[in-house]
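Numbering (our numbering), first residue to last: 8 to 187.
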């Protein structure tokens with residue numbers, strides 16, 4: 008491929024140079040090797056979503072590293088954080104509710120659900136965690152309390168229906184609260 012003029016060629020070369028500088032060199036870990044049916048493979052073990060150890064095998068270290076990263080991504084997908092699932096739930100609601108309603112949901116969710124619970128995995132949240140998250144809201148108006156309570160219950164019931172939770176921690180959380 009030839010460039011018609013020298014300016015285009017120079018721009019292309021400059022861009023190529025910056026692209027290679029921007030990429031970080033990935034350090035691939037050293038893995039143990041095993042012989043299976045007379046062929047040597049690299050092996051590592053990871054913990055899957057159910058807490059069981061699973062062995063991964065590949066012919067090269069690079070290939071095994073890619074397999075390991077993909078397996079970790081799948082485990083993380085199966086166990087989203089509260090913040091990740093709240094974002095997904097809001098996206099699902101965007102087709103059903105008006106933009107002003109969605110804006111209110113987003114604001115309440117970010118301030119009263121994601122801030123106290125966002126870093127926790129959905130499956131780790133307990134009823135006590137939810138009650139503790141509702142304490143600051145209970146000092147506000149009854150309308151805000153019921154809105155946040157409704158959002159919490161909707162998010163966790165949705166997660167339960169999608170089989171991300173074995174137990175819904177919102178069961179038994181009182182709808183009454185806030186200042187009248």
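Where is the CB? At the ideal position from N, CA and C, for every residue including glycine.
In this text the structure is predicted, and so the values were computed from the model without any measurement.
Go ahead and pull the three-state DSSP assignment for residue 113. Taking the chain shown and counting its residues from 1, the one referred to as residue 113 is at position 106. DSSP places residue 113 in helix when its eight states are reduced to three.
Can we say the segment 71-78 touches the segment 44-55, given the rule of at least three CB pairs closer than 8 angstroms? yes
Count the C-beta pairs between the segment 57-66 and the segment 87-104 that are closer than 8 angstroms, then say yes if the count reaches three, no if not. no
For residue 23, three-class secondary structure by DSSP: Residue mapping note: residue 23 aligns to position 16 of the chain shown, counting from 1. Residue confidence for residue 23 is low, a pLDDT of 45 falling below 50, so the modelled location carries little weight; the figure read from the coordinates is stated next. Note: residue 23 maps to helix in three-state DSSP.
Outcome for residue 104 when other beta-carbon atoms lying within 10 angstroms are tallied against a minimum of 16: The sequence position of residue 104 within the chain shown is 97, counting from 1. Classification of residue 104: exposed, given that the 10 Å Cβ count is below 16.
Where residue 174 falls: helix, strand or coil (DSSP): As a first step, residue 174 is located in the chain shown; it is residue number 167 there, counting from the start. Note: residue 174 maps to coil in three-state DSSP.
Given 8 angstroms, three or more beta-carbon pairs between the segment 133-140 and the segment 166-184: yes
Same chain only: Cβ atoms within 8 angstroms of residue 99, ignoring 5 sequence neighbours per side: Mapped onto the chain shown, residue 99 falls at position 92. Around residue 99: 165.
Simplified DSSP assignment, three categories, for residue 39: Within the chain shown, residue 39 is the residue found at index 32, counting from 1. Three-state DSSP puts residue 39 in a strand.
Span separating the alpha-carbon of residue 125 from that of residue 118: In the chain shown, the residue the question calls residue 125 occupies position 118. In the chain shown, the residue the question calls residue 118 occupies position 111. Distance between the alpha carbons of residue 125 and residue 118 is about 10 angstroms.
Taking the continuous beta strand (DSSP E) assigned at residue 65, which residues delimit it? The sequence position of residue 65 within the chain shown is 58, counting from 1. First-last of the beta strand (DSSP E) with residue 65: 60-65.
Nearest residue (CA-CA) to residue 148, options 115, 162, 160: Working through the chain shown from its first residue, we reach residue 148 at position 141. Out of 115, 162, 160, 115 has the C-alpha closest to the C-alpha of residue 148.
Skipping 5 residues on each side, what residues in its chain have a beta carbon closer than 8 angstroms to that of residue 111? Numbered from 1 along the chain shown, position 104 holds the residue referred to as residue 111. Same-chain partners within the cutoff: 154.
Give the DSSP-derived three-state secondary structure of residue 17 in the structure shown. Against the chain shown, residue 17 aligns to sequence position 10. Bear in mind that the predicted position of residue 17 carries a pLDDT of just 49, short of 50, making it unreliable; the figure below should be weighed with that in mind. If DSSP states are grouped into helix, strand and coil, residue 17 belongs with the helices.
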